[in-house]
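Residue 27 in full-length UniProt numbering is what sits at position 27 of the sequence shown, and the numbering runs on without skipping anything. Using N, Cα and C, we set each Cβ at its ideal position, and we do this for glycine too. A quick note: this is a predicted structure, and the numbers were derived from the prediction, not measured. One structure below.
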Amino acid sequence: MVLEMTAQVAVFDYHDGVFKQTQLVDMKNKGVQEKNGGGALHTSPDGKFLYVTNRGDANQVVVFRIDQASGKLEEIQRRSLEGKEPREFAFDPTGKYMLFANQKSNQIVTVRRDPQSGKIGETVQKFDADSPSYLRFLTDK
């Protein structure tokens, strides 16, 4: 769960209709005074990584490895999204690219993603879009 106003991610165990919090992860940049807010979160297609947008002054995505046994998160990367207010994002059908909607800078940013490491690589394309807010790939599957 994203806690937008505190820029945190809460992790829960779920069993028989009952939730129990197991971890609380701070997404603020350490040692920096910033106004941040959590945004969208999605797991990778293989379920091994969690990606969370960090809006406000940070304007980045934070990448976490998910421990498959415990569900605990380990931060592995922070990457600028080269725009303002990353509202939403989507994985392409191959899982090798991600598109981020930078709502306040009116653009979509496409980046490479390494499915093995979960890390985000270089920017492939930027294009203008008027206040983009949500992204979905429509496939015939």
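Same chain, Cβ closer than 7 Å to residue i, neighbours up to 5 away in sequence not counted
| i | result |
| --- | --- |
| D57 | E34, K35 and N36 |
| Q103 | E85, R87, S131, P132 and S133 |
| M50 | Looking at the sequence itself, residue 50 is Leu, so the reference to Met does not match. Here the set comprises L41, T43, F64, I66 and L73. |
Boundaries (first-last residue) of the beta strand (DSSP E) holding residue i
| i | result |
| --- | --- |
| G47 | Neither: G47 is in no beta strand (DSSP E) and is coded neither H nor E. |
| Q21 | V18 to D26 |
| S80 | L73 to S80 |
| R136 | From DSSP, R136 is part of no beta strand (DSSP E); its letter is neither H nor E. |
Residues near residue i by beta carbon distance below 8 Å, same chain, minus five either side
| i | result |
| --- | --- |
| residue 142 | The requested residue 142 does not occur in the structure, where the chain is confined to residues 1 to 141. |
| A90 | H42, M98, L99, L135, R136 and F137 |
Close Cβ partners of residue i (< 6 Å) along its chain, the five nearest in sequence each way excluded
| i | result |
| --- | --- |
| V111 | M98, I120 and T123 |
| K28 | A7 and N36 |
CB contact flag (residue i, residue j, <7 Å)
| i | j | result |
| --- | --- | --- |
| M40 | T53 | For the record, residue 40 in the displayed sequence is Ala; it is not Met. Going by C-beta atoms, A40 is nearer than 7 Å to T53. |
| S105 | K84 | yes |
| V25 | V9 | yes |
Residue burial classification, residue i (beta-carbon count within 10 angstroms, cutoff 16)
| i | result |
| --- | --- |
| I66 | buried |
| G31 | exposed |
| P132 | buried |
| A101 | buried |
Is the region 14-25 touching the region 35-45, taking contact as three or more C-beta pairs under 8 Å? The region 14-25, when compared against the region 35-45, does not touch it at the 8 Å Cβ threshold.
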